[in-house]
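This report concerns only the one structure given below.
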Amino acid sequence: MRLLRLVNRITPPFIWDLAKRVIVSADDVALAPFTGDAIGSFSQYGEDLVVDAILGSPAEGVYVDVGANDPELLSNTMRFYRRGWRGISVEPNTELWTALGRMRPEDINLNLGIASESGEMTFYRMDPPTLSTFDEGASRDNLEHPGSRVVEELPVRVEPLAKILGEHLGNRIIDLLSVDTEGLDLQVLGSNDWSVYRPRLVLVEVAWRGAEVVAFMQAQEYEFVWCNGPNGIFADSRWLLSSDAR
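Take the sequence shown: its letters are residues 22 to 267, numbered as in my numbering.
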């Protein structure tokens, strides 16, 4: 088990995705994909299925995807876009942002990052793209993944989440806020105005600074309702008490 955990930690995420998509039996016969079209899940570990179950599988909804990355591969929101949800996707990698615009033309797709203050930050664009980050320390740590490398370092515009929501959300209620920024998650959460914008569910990485993330979300009156190790789901306690959540 220790060896399995070690292999899981050091193996690039895209390798696991490829392994899940094509599993070969003892007779060398390719089995049906585990993710994607087979069960309609695109998240790394089926997080979108859990979100759907908690929300009650609504036909329509609104998401905000910070660190959206690829529009389909390891996406926490593609399942919902296909169903008819719409939202805001934030992605600082220009190539991935272009792909988001092409595959999700009805979303608001923003080519920038989220941080506590408006300005510019250095973006460490990495290969594989899932390891890209604004956090210099996280970029160094991510270089420990076999085959990973920093493609380029470039200045990218960043804005607080509250400002982005104020400009683009309108009067819509957020059903899901997904945050995956490789080390900057707590700063992203802290840049929201929780008295104004209260997503029903927040899906965020808890493998890194998890205790701080949990403490922060609980201070905003969110309940820690689910965790698979790498990621956790928090539910607005006010929504849980409302008739909409029943």
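Idealized CB from N, CA, C, for every residue including glycine.
Subject >> Reduced DSSP category for D196 - H, G, I as helix; E, B as strand; rest coil >> reply: coil
Subject >> L95 versus R107, I194 and E68, residue with shortest Cα-Cα distance >> reply: E68
**OP:** Check S137 in the structure and name its three-state DSSP category.
**Re:** coil
Subject >> DSSP state of Y66 mapped onto helix, strand, coil >> reply: coil
Subject >> Classification of T151 by the beta-carbon crowding that lies within 10 angstroms, buried from 16 upward >> reply: buried
Subject >> Expected contact under 8 Å - CB spacing of D206 and A183 to nearest Å >> reply: With a Cβ gap of about 16 Å, D206 and A183 do not count as contacting.
**OP:** Verify whether the separation of the beta carbon atoms of S238 and V217 is less than 9 Å.
**Re:** The sequence as given places Met at residue 238; Ser does not occur at that position. No, the pair does not count as a contact, with Cβ atoms beyond the cut-off.
**OP:** Assign L222 to one of three DSSP states: helix, strand, or coil.
**Re:** strand
**OP:** Compare the C-alpha of Y243 against each of A232, A256 and E233 and name the closest.
**Re:** A256
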